[in-house]
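This report refers to the structure that appears directly beneath it.
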Amino acid sequence: MPGSKTNLALKAAVEREKSRAKPSALEMYSKSKSSTSSRGKAPKKGKPRCHETDCDHCGHPCTQKKDGNKKNKPGAFIAEKARVMTPSAIFICNGSVHEADEMIGILTKQGIMEPLSSYQNVHLVRTDPADTARSEQATFISHRDVNAILTGGVPSPNGLIQYMAPDRMDRELERRFAGCMRGRTMYVLPFSMGPVNGKNSMNAVQLTDSPYVVLNTRIMASLEDNEVWSFGSGYGGNSLLGKKALSLRLASWKGHSEGWLAEHAALLCVTDPAGKDHFITFHAPSGGGKTDLAFAEPTIPGWKISVLGDDISWIRPGPDGNLYASAPENGMFGIAPGLDPKIHPSAFKLLAKDALLVNTASTSHGNMYWKSCGAISLSGEEAVRDWQGIEWGVSSKTNPAHPNARFTAFTENSPNVHKEWDNPQGVPLTAMIFCSRRPDAFPLCLETNSWAEGVTLAAGMRAEASAGSGMKAGSLLNDPMGMRPFLAYNIVNYLQHWLDVGEKAKSPPKIFHVNWYRTDDQGKMLWPGHGENIRVLEWILGQATADAAKAAENAVKNPLGQIPKSIRAEGLEEKNVKTLLEFEAPFWVKEVASMKGFFASEMGKDVPAAISTAVTRFEKDLGEAR
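FYI, the numbering for the sequence shown is 157 to 782, going by the numbering used here.
Here you go:
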């Protein structure tokens, strides 16, 4: 763990830069030598960053190259940014418990944070109502070569990636960040995504003036210029830069050149009644059920679900040529509303210790609260204050918690954490599952015929917008691989990279698509979800591990692949199960046409050949099925 060596090295590097440049006086704070034992609080050595002028790893000459001392890069980075932002003090963080207590004290004194007395070291933050979701419309990728980011160098007609030229980006950053920390403390956060010193981990340094970000990063973290900038937002998806910005956007860029994938997917283990572990990635948009599945309690005896990570997976070829996945995050940053103490008991045990909550409600007895916390009594004298601090009652017409209210907690504290959760080599994948949040005729489960066809369907995914997207909830959006907000480079290259990874794998995992969210004419969910999802996972794992003949016996073939011949349906409404397992050709004719149109609008004539071939086959077989 980091301790004093990291702090002293950074301090010395900054002091050297100060003596050269003589910026305005900066007060250095070297923090406690103690640190917690959790994975990923801070690395021994920060990942080299480069900045506005060039260096050897991005093609620009920068100060690090001029002094020729690569070990000074973190210090030079800090000193240069301090000159721009002009903080009154610099605080080098080490992730210690003492440091966390100090941050909590600052936020509590400011009235931003309150302790929830019913739990052990659990605190609630209420934010500005305008700062509750990702700022997708204000997220830009910058690179010297516009074609590396945008297909044909033209803006995405579907708003997938927003590009900004480097010279304009420099002007925008200078305008916003010049003097932005004046009178404030700059917190320096060295951190690692992945186990500290892990072969595949990514080390980085984040600068922030927010103690709230310091606390969250302590839990969560163990393009040309490899930098990420965020201004004016404290929302986790925007300000916890190690999360989506580094672990998805920059990591996917890095993975493209190194032959691996960084994806918006939970990494889970499903253990069958025989005790065999099956590792799966569950790819879904925000609000698509990743956290729900991570904490699901299977309703079929003998089955178990364990969590390795609930949001991001790094997928690499292993030594045997098969695909392995690891979870780079040290903690979980999940949606709280919807979690129910009766349905997700593991989640509530996790949240009872060393956790942060944002924009939930709280009670006068020191409890966290949102509508699905039905087990918490609100009778008697227990009063509730909603996510904006306003008194709330069961007859109130408003929601007590913001729909995108979040929790942050250490993965290792979860009662259902898998023992291999921090294995730096990753775990072998049995199946990859994509979930579309669709109220329409998308079936409950679909097995694809091949890697290429699985990638094609995932690339054409459409899903309802979630509260976390900052867009109108319920609107249907194209969301390739569930990565719409996090795509970092040309979608043609991104999809071809997916195809290449599977083609090079010795035996790639089968790809499945699920939809837990189909509704009837009255808008009522047809599938119970939660722990009942094990009924679908049982069929998926049976297909993924069976030989071809056995798999064919258990499925009904259709123009897109196979759907279950049957699943365990005891206790479920037979009519609903039948509807959920139907393949409706007219629906798919329209869906494939929409998919084809999306590909054409985004990629023109550059659609990867394997995807064009798959779409052509879908159209042909659907035409024959009609």
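Beta carbons are placed, not taken as given, at the ideal position from N, Cα and C, and that holds for glycine. Predicted model, so just to flag it, every value in this text is computed and none were measured.
Secondary structure of S750 (DSSP, three-state): helix. Looking at the DSSP output, Q276 shares a beta bridge with K509. For E726, no alpha helix (DSSP H) segment is defined, and its DSSP state is neither H nor E.
For the pair of segments examined, the segment 629-642 was found not to touch the segment 680-691: the number of CB pairs separated by less than 8 Å stays below three. A Cβ-Cβ contact shorter than 7 Å links A608 with A766. Cβ neighbours of R405 within its own chain (closer than 7 Å, five residues either side excluded): F642, A644. Under the 10 Å beta carbon count, E688 is surrounded by 16 or more other beta carbons and is classified as buried. In this structure, DSSP gives I468 a state outside helix and strand, which the three-state scheme calls coil. Taking a contact as a CB-CB distance under 8 Å, the pair H412 and G638 does not count as one, their CB atoms being some 18 Å apart.
Per DSSP, the unbroken beta strand (DSSP E) holding E419 starts and ends at 417-419. Taken through DSSP and simplified to helix, strand or coil, N303 comes out as helix. Around T675, the same chain offers P595, M681, L682 as residues with beta carbons nearer than 8 Å, after the five sequence neighbours per side are excluded.
Under the three-state reduction of DSSP, Y368 is assigned to helix. Three or more beta-carbon pairs separated by less than 8 Å link the segment 691-703 to the segment 721-730, which places the two stretches in contact. Here the segment 645-652 makes no contact with the segment 547-565; the two share fewer than three CB pairs at distances below 8 Å. With a cut-off of 8 Å on Cβ pairs, the segment 586-605 is not in contact with the segment 359-368, counting fewer than three such pairs.
Looking at A481, N560, P243, the one whose alpha-carbon comes closest to that of G350 is A481. Closest by C-alpha distance to M320, out of W416, R300, N314, R338, is R300.
The Cβ-Cβ distance between R541 and S570 does not fall below 7 Å. A check of alpha carbon separations from P742 across G267, E775, P665, S462 identifies E775 as the nearest. Under the 10 Å beta carbon count, I468 is surrounded by 16 or more other beta carbons and is classified as buried. Taking 7 Å as the cut-off, the Cβ atoms of L464 and A492 do not count as close. Using a Cβ distance threshold of 7 Å, T447 and A421 do not count as a contacting pair.
Measuring C-alpha to C-alpha distances from V426 to each of A407, S442, L449 identifies L449 as the nearest.
For L345, the CB contacts under 6 Å within the same chain, skipping 5 residues up- and downstream, are C249, Q362, T373 in chain order. Closest by C-alpha distance to G658, out of L263, P559, G474, is G474.
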